[in-house]
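Engineer:
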Amino acid sequence: MNVVLSIEAVRPPLAGIGRYVWELATRLPHHQEVESLRFISDGLWRTLPDLSLSSSPVSSVRQGMDWRHVLGKNPLVSRVYGAVMPKLAAIQINRLNDTVFHGPNFFVPNVGIPTVVTIHDLSAYYPSNWHPQMRIERMQTLIPHAVNRASLVLTDSEATRLELLQEFNLSEDKVQAIPLGVDQVYHPRPLSELEDVLAQYGLQAQGYSLFVSTIEPRKNLSNLIAAYSKLPSAMRQRWPLVLVGGKGWNSEEIHAQIEQATAQSWLKYLGYVPQAHLPLLYAGARLFTYPSLYEGFGLPIAEAMASGVPVLTSNCSSMPEVAGTAALLVEPRDVDQMCVELERGLSDNVWRTLAIPKGLERASQLTWDTCVDKTLLAYKMAKSLAEK
Numbered sequence: 001m002n003v004v005l006s007i008e009a010v011r012p013p014l015a016g017i018g019r020y021v022w023e024l025a026t027r028l029p030h031h032q033e034v035e036s037l038r039f040i041s042d043g044l045w046r047t048l049p050d051l052s053l054s055s056s057p058v059s060s061v062r063q064g065m066d067w068r069h070v071l072g073k074n075p076l077v078s079r080v081y082g083a084v085m086p087k088l089a090a091i092q093i094n095r096l097n098d099t100v101f102h103g104p105n106f107f108v109p110n111v112g113i114p115t116v117v118t119i120h121d122l123s124a125y126y127p128s129n130w131h132p133q134m135r136i137e138r139m140q141t142l143i144p145h146a147v148n149r150a151s152l153v154l155t156d157s158e159a160t161r162l163e164l165l166q167e168f169n170l171s172e173d174k175v176q177a178i179p180l181g182v183d184q185v186y187h188p189r190p191l192s193e194l195e196d197v198l199a200q201y202g203l204q205a206q207g208y209s210l211f212v213s214t215i216e217p218r219k220n221l222s223n224l225i226a227a228y229s230k231l232p233s234a235m236r237q238r239w240p241l242v243l244v245g246g247k248g249w250n251s252e253e254i255h256a257q258i259e260q261a262t263a264q265s266w267l268k269y270l271g272y273v274p275q276a277h278l279p280l281l282y283a284g285a286r287l288f289t290y291p292s293l294y295e296g297f298g299l300p301i302a303e304a305m306a307s308g309v310p311v312l313t314s315n316c317s318s319m320p321e322v323a324g325t326a327a328l329l330v331e332p333r334d335v336d337q338m339c340v341e342l343e344r345g346l347s348d349n350v351w352r353t354l355a356i357p358k359g360l361e362r363a364s365q366l367t368w369d370t371c372v373d374k375t376l377l378a379y380k381m382a383k384s385l386a387e388k
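Encoded structure:
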C-alpha cells in the first residue's frame, strides 16, 4: 500500500495530535503492508523532523514554533494560508496513483485518490471561550469540508464518533473510532529513579497531585483549584497540587488563581518542563487530576494510569471511555463533589490499592501498535469505499 501522510502537526513538544502523527509516521514504514510512505506539509513534500521523546524538551516549544504559529495570529495571513495550502497539496497529491492520503489533523485536500481524515474532537462547536474566535471559525470551516470530502473519517474515541454522526448526519460505516496509544516511557518506576528529577522541582515521590496540560478554560483548572482549596489544610500541605503546562488561550483569571494558591504554599506551577522529565513526574505523583470539561480522547489519563498512578477525571465526553473502571469520575462543574473525590483519591488506601492495577490493565490495552494496525485497516476500507 502507498500512503501519503500530512505532518504539519509534528513539532516540539510531541504531545496530543503531534504525538499521534509522530507515532504513525515512525511506525507505518516498518509495517509489511506499507510499500511506500511519503510526508507532505504546507503543500510540499517533506522529510520527517528528527524528534524524539528524550530529545524534544517541552520548553523548546517556543523556539520550535514555526512560521505557521507566528503568521497564523494574523487573520488575513491565516485566511490566505487556508486558501492556498490545500491547492498546493492537491497539485502534489494528484500526481500519484494507487495511493491513500491521510490527513491526521482535521484536514483533507480535494484530491482524486482515497482519503482518510482524523477528527480529534468537536471542541470548536462548544462554548466560545474554549478557543480564540479565529480558530473557531477556521475549525468550523475545516471540519465540515473534511468529513464530507473524505472517503473515511477516524476519531480517537467512540464518544467523538457519536458526536460526528449526530452533528453531520454521516453514515455509520463512514466513521471509525481508533483509540490512541501510550508511549512505553510511561510506566511505574522505583524511588531511586525518581529522586534526582523530582528534587529539581522541590518534590518527593508520592508527595503531590499532578495535572498536565495547557492552562486554558476547557481544562477546567478554575474548578480544580477551587476544589483543592476546600481540602483540609494539612492535606494540601502534604500533597500540593502541581501543574505542568504552558499558558494557553484566555487563561489570565486561571493564572490569578494559581498565583494566589502558590502564595499559600499548596500549589506549584512548573510551566513547561523538559519532556524527558514528564514520565518521572507522572510516576512520582500520588494522584493524577484531569477534570477537563471536554476531551476527544484525554491521552494524559492513559499516561498516568500506565505510570501506576490513580486518576481523577471527568464523567463526560471521552474520559470515562479512556479511564474505564480505573478512575474516580466527577461532574467537572461540581466543586464540592470534586473535593470529596480528591480527598478519597489521596487518602483512601483501599480504593488506591484497587485503582492502580486496574489503571495499569486499562493502559496496557492502549498501544500505538494497535492504533497503527487499525489505521492500516482503515486505509483499506477507504480504498474500498472510494471505489463504490
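With full-length UniProt numbering, the residue at position 143 of the sequence shown is 143, and numbering never jumps.
A virtual CB, placed ideally from N, CA and C, is assigned to each residue, including glycine.
Would DSSP call Ser-128 helix, strand or coil?
Structural biologist: Within the sequence shown, the letter at position 128 stands for residue 128. Helix.
Engineer: Any contact between the segment 253-265 and the segment 316-332? By contact I mean 3 or more CB pairs, one from each, below 8 Å.
Structural biologist: Taking 8 Å as the limit for Cβ pairs, the verdict is that the segment 316-332 does not touch the segment 253-265.
Engineer: Would you mind giving the Cβ-Cβ distance between residue 446 and Leu-14, rounded to the nearest angstrom? I have them listed as a contact below 8 Å.
Structural biologist: Within the shown structure, residues of the chain are numbered from 1 to 388, placing residue 446 beyond reach of any answer.
Engineer: Val-242 to Pro-144, Cα distance in whole Å?
Structural biologist: One-based indexing of the sequence shown puts residue 242 at position 242. One-based indexing of the sequence shown puts residue 144 at position 144. Cα to Cα, Val-242 sits roughly 38 Å from Pro-144.
Engineer: Among residues of its own chain, excluding the 5 on either side of Ala-177, which ones have a beta-carbon nearer than 8 Å to its beta-carbon?
Structural biologist: Numbered from its first residue, the sequence shown carries residue 177 at position 177. Taken in chain order, the residues that qualify are Leu-154, Thr-155, Asp-156, Ser-157, Glu-158, Thr-160 and Arg-161.
Engineer: Have a look at Ile-308 and Ala-283 and give me their C-alpha separation to the nearest angstrom.
Structural biologist: Numbered from its first residue, the sequence shown carries residue 308 at position 308. Numbered from its first residue, the sequence shown carries residue 283 at position 283. The amino acid occupying residue 308 in the given sequence is Gly; Ile does not appear at that position. Straight-line Cα distance between these residues: approximately 7 Å.
Engineer: Under the rule that 16 or more other beta-carbon atoms within 10 Å means buried, what is Val-84, buried or exposed?
Structural biologist: Numbered from 1 along the sequence shown, position 84 holds the residue referred to as residue 84. Flag for Val-84 reads exposed.
Engineer: Taking the alpha-carbon positions, what's the Pro-217 to Trp-249 distance?
Structural biologist: Position 217 of the sequence shown, counted from the start, is the residue given in the question as residue 217. Position 249 of the sequence shown, counted from the start, is the residue given in the question as residue 249. If I take the Cα positions, the gap works out to 8 Å.
Engineer: Return the Cβ separation of Leu-346 and Leu-287 in integer angstroms, given the expectation that the two are a contact with Cβ distance under 8 Å.
Structural biologist: Residue 346 sits at position 346 when you count from the first residue of the sequence shown. Residue 287 sits at position 287 when you count from the first residue of the sequence shown. Correct: roughly 5 Å between the Cβ atoms.
Engineer: When the Cα of residue 395 is compared with those of Arg-149, Gly-298, Thr-370 and Val-116, which residue comes out closest?
Structural biologist: Residue 395 lies beyond the residue range present for the chain, which begins at 1 and ends at 388; the question has no answer from this structure.
Engineer: Quick check on DSSP: helix, strand or coil for Phe-288?
Structural biologist: Looking up residue 288 in the sequence shown gives position 288. Here Phe-288 sits in strand by DSSP.
Engineer: Under the criterion of a Cβ to heavy atom distance below 7 Å, does Cys-316 qualify as lining the ligand ATP?
Structural biologist: Among the components of this structure there are no ligands whatsoever, and the ligand ATP is therefore not found.
Engineer: Comparing alpha-carbon positions, which option in Ser-292, Ala-378 and Leu-44 lies nearest Val-175?
Structural biologist: Within the sequence shown, numbered from 1, the residue matching residue 175 stands at position 175. Out of Ser-292, Ala-378 and Leu-44, Ala-378 has the C-alpha closest to the C-alpha of Val-175.
Engineer: Please name the residue or residues paired with Val-100 in a DSSP beta bridge.
Structural biologist: Translated into the one-based positions of the sequence shown, residue 100 becomes position 100. In the DSSP output, where bridge partners are listed per residue, Val-100 has Val-3.
Engineer: Based on the DSSP secondary-structure assignment, which residues constitute the bridge partners of Lys-268?
Structural biologist: Stepping through the sequence shown from its first residue, residue 268 is reached at position 268. Paired residues: Val-242.
Engineer: What residue range does the alpha helix (DSSP H) around Ser-222 cover?
Structural biologist: In the sequence shown, counting from the first residue as 1, residue 222 sits at position 222. Per DSSP, Ser-222 belongs to the alpha helix (DSSP H) from 221-229.
Engineer: Closest by CA to Gly-298, which one among Leu-198, Ser-123, Asp-50 and Val-350?
Structural biologist: Within the sequence shown, numbered from 1, the residue matching residue 298 stands at position 298. The residue with the shortest Cα to Cα distance from Gly-298 is Ser-123.
Engineer: Rounded to whole angstroms, what is the Cα-Cα separation between Phe-106 and Ala-146?
Structural biologist: As a working mapping, residue 106 is identified with position 106 in the sequence shown. As a working mapping, residue 146 is identified with position 146 in the sequence shown. Distance between the alpha carbons of Phe-106 and Ala-146: 7 Å.
Engineer: Is it the case that the Cβ atoms of Val-300 and Ser-314 are separated by a distance below 8 Å?
Structural biologist: As a working note, residue 300 is residue 300 in the sequence shown. As a working note, residue 314 is residue 314 in the sequence shown. Per the sequence presented here, residue 300 reads as Pro, with Val not at that position. Taking 8 Å as the Cβ cut-off, Pro-300 and Ser-314 do not qualify as a contacting pair.
Engineer: Please report the straight-line C-alpha distance between Tyr-269 and Leu-342, rounded to a whole angstrom.
Structural biologist: Residue 269 sits at position 269 when you count from the first residue of the sequence shown. Residue 342 sits at position 342 when you count from the first residue of the sequence shown. Using only the alpha carbons, I get a separation of about 19 Å.
Engineer: Under three-state DSSP, which class holds Gln-176?
Structural biologist: What you label residue 176 is simply residue 176 of the sequence shown in a count that begins at 1. Reduced to three states, the DSSP call for Gln-176 is strand.
Engineer: Our contact map puts Phe-101 next to Ile-93 with C-beta atoms below 8 Å; I'd like the distance itself, whole angstroms only.
Structural biologist: Here residue 101 is taken as the residue at index 101 of the sequence shown, counted from 1. Here residue 93 is taken as the residue at index 93 of the sequence shown, counted from 1. Between Ile-93 and Phe-101 the Cβ distance is about 6 Å, and since that is below 8 Å, they are a contact.
Engineer: With distances taken from CA atoms, which of Lys-87, Ile-113 and Leu-88 is nearest Thr-99?
Structural biologist: Walking along the sequence shown from the start, residue 99 turns up at place 99. It is Ile-113.
Engineer: If you draw a straight line from the C-alpha of Ala-304 to the C-alpha of Glu-387, how long is it?
Structural biologist: Counted from its first residue, the sequence shown places residue 304 at position 304. Counted from its first residue, the sequence shown places residue 387 at position 387. One C-alpha to the other measures close to 42 Å.
Engineer: Determine the closest residue to Pro-109 out of Val-4, Pro-12 and Arg-189, with distance taken between C-alpha atoms.
Structural biologist: Position 109 of the sequence shown, counting from 1, holds the residue named residue 109. For Pro-109, the nearest C-alpha among the options comes from Val-4.
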